[in-house]
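A short worksheet on the structure shown next.
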Amino acid sequence: MKELKTRFQKYVDSGSIASRAVESVWRYLLLLVPALFLAALCAGCGQGNALSRRVYWTDVLNHKIQRADVNCLRGPGANACIETVLDTLSVVPAETGHPGAKSPNSVVVDSDGGWIYWSEFWTGIHRTTLDGQSTQTIVPTPRMPIHNSWFPPVYLPGLDRDTPELLRADIQGIDIDPVNKRLYFGPDHPFESPLGSKYLNPNSDLPFAGARIWSSNLDGSLRVKLLSNSVDGFPGSLGLDLTNRKMYWGSPTSGGYPHANRLMRADLSGTDMETFLLLDGSEGRPWLDPRDVAVDEAAGRVYFTSAYTNSIWRVKADGTDLRQLLRRLDTPQNIVLDVADGKMYFAEVSHNVPHGTQPRGGAVSRANLNGSGYERLVTGSSFPAGTFTADFPFAPNGIALVPR
């Protein structure tokens with residue numbers, strides 16, 4: 000800037016410009032240059048403020064936690080935007096009789112604290128530094144022998160053999176209360192949890208009751224059991240409404256554990272558990288299996304994914320105005336809201352696809368909060384050729400969004 004002013008003054012001194020105009024023109028330049036700089040800096044601000052967003056996701060079949068800048072993903076050369084933060088098998092490697100941390104599930108990012116928190120089907124809750132260089136297992140789920148009364152060995156999904164041990168906790172949901180520095184996680188699987196449950200008998204006497212939801216300090220200490228028997232079968236994921244001190248979670252049906260679909264709600268203390276929505280197809284209600292939940296606290300709206308129906312829905316917090324926002328997706332799982340930009344981001348894991356359609360494969364996707372403007376930001380084709388196979392395709396499951 001100083002050099003520019005010197006050259007400008009020499010030009011004036013040569014007599015090419017009336018000296019009286021010097022100061023006014025110079026003041027104009029002083030205003031113009033910063034304005035041009037700010038305009039360049041804000042290029043893309045009209046695209047959902049994408050410059051200030053970074054999306055994280057877990058790949059449940061390829062044991063990865065990955066991330067990318069949203070604005071970069073929407074430009075040319077999107078494959079260069081993707082960064083692998085962690086190979087989760089490096090945390091708990093596979094060994095004889097145990098698959099290791101091969102299936103990262105939900106993810107939430109505490110950017111102020113510098114941690115990525117993630118749940119894993121087989122090994123519990125972990126947290127990893129933002130650079131991926133250090134990981135702590137803060138809620139371990141060790142092997143637990145199956146009691147003789149349960150008629151071991153038994154078959155657990157994800158293994159190719161029967162086992163005499165409970166190995167798979169299936170802790171689905173994980174979320175953070177950043178103000179009170181508390182971590183919420185669960186439900187765990189009522190039938191397979193090393194945290195304690197009788198196989199195929201979730202409503203048995205304590206301490207065998209499973210389907211638990213917990214809270215703890217952010218390092219996993221001072222763990223408090225908030226609920227038991229919070230789902231009827233396979234667990235859905237967890238979403239918090241910190242304004243109204245509520246938590247929501249899904250109790251979806253599954254092939255192995257058929258029951259009525261329910262979207263559940265309770266106070267953050269674990270009291271007043273209730274069926275928020277019965278979604279069993281009876282009496283004019285839709286048949287939906289609620290998987291993950293996200294809450295727009297200011298608007299009083301609850302968003303949830305339905306995997307079997309390949310759709311995303313929204314309902315008011317008083318249980319009214321249930322409406323479908325998106326359909327014909329590829330098995331939507333976790334969902335996160337960017338209320339400030341009017342967007343929702345979600346993972347499509349592509350385990351089952353709409354009847355009569357060709358699968359498009361897994362995707363990290365987004366849309367407007369009203370369901371319009373659907374975009375697939377990351378797909379299998381975003382990676383180098385040969386990254387995936389037919390048996391292990393791109394399979395994003397958890398998703399998180401943080402300011403850049």
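One point on numbering: in numbering that gives the first Met the number 0, the residue at position 266 of the sequence shown is 265, and numbering is uninterrupted. Just so it is clear, CB atoms sit at the ideal spot from N, CA and C, and this is done for glycine as well.
Exercise for the section: State the DSSP-derived secondary structure class of L31, mapped to helix, strand or coil. Expected result: Low local confidence applies: a pLDDT of 43 at L31 is under 50, so the model's placement there is unreliable, and no value is given.
Exercise for the section: Answer yes if the segment 388-396 comes into contact with the segment 333-351, meaning at least three C-beta pairs across the two stretches below 8 Å, and no otherwise. Expected result: yes
Exercise for the section: Return the bridge partner residues of F345 from the DSSP annotation. Expected result: I334 and S364
Practice task
Helix, strand or coil for D340, going by three-state DSSP, please let me know.
Solution key: helix
Handout entry: Other residues of its chain near L324: CB distance less than 6 Å, five sequence neighbours each side excluded
Key = I311, R313 and G370
Handout entry: Option nearest D130 by Cα separation, candidates D271, A366, G112 and A100
Key = G112
Handout entry: Cβ pair W248, M263 closer than 8 Å
Key = yes
Practice task
Kindly indicate which three-state DSSP category D390 falls into: helix, strand or coil?
Solution key: coil
Problem - Rounded separation between G341 and G372 - CA only - result: 11 Å
Practice task
Identify the continuous alpha helix (DSSP H) that holds L278 and give its terminal residues.
Solution key: L278 -> no alpha helix (DSSP H), and no H or E assigned at all.
Problem - Three or more C-beta pairs below 8 Å linking the segment 223-234 and the segment 161-168 - result: no
Exercise for the section: Whole angstroms is fine: what's the gap from T386's alpha carbon to S105's? Expected result: 22 Å
Exercise for the section: Starting from N70, follow the alpha helix (DSSP H) in both directions and report where the run begins and ends. Expected result: V69 to L72
Handout entry: Three-state secondary structure (DSSP) of G249
Key = strand
Problem - Limits of the unbroken beta strand (DSSP E) element including R181 - result: R181 to G185
Practice task
Over the uninterrupted beta strand (DSSP E) stretch that includes D109, give me the two end residues.
Solution key: P103 to D109
Practice task
Would you identify the three-state DSSP class for I226, choosing helix, strand or coil?
Solution key: Position check: residue 226 holds Leu in this sequence, whereas Ile was assumed. Three-state DSSP puts L226 in a strand.
Practice task
Give a single yes or no on whether L239 has its beta carbon closer than 7 Å to a heavy atom of the ligand FAD.
Solution key: The ligand content of the structure shown is nil, which means the ligand FAD is not present either.
Exercise for the section: Rounded to whole angstroms, what's the CA-CA distance from C71 to D58? Just pull it up for me. Expected result: 20 Å
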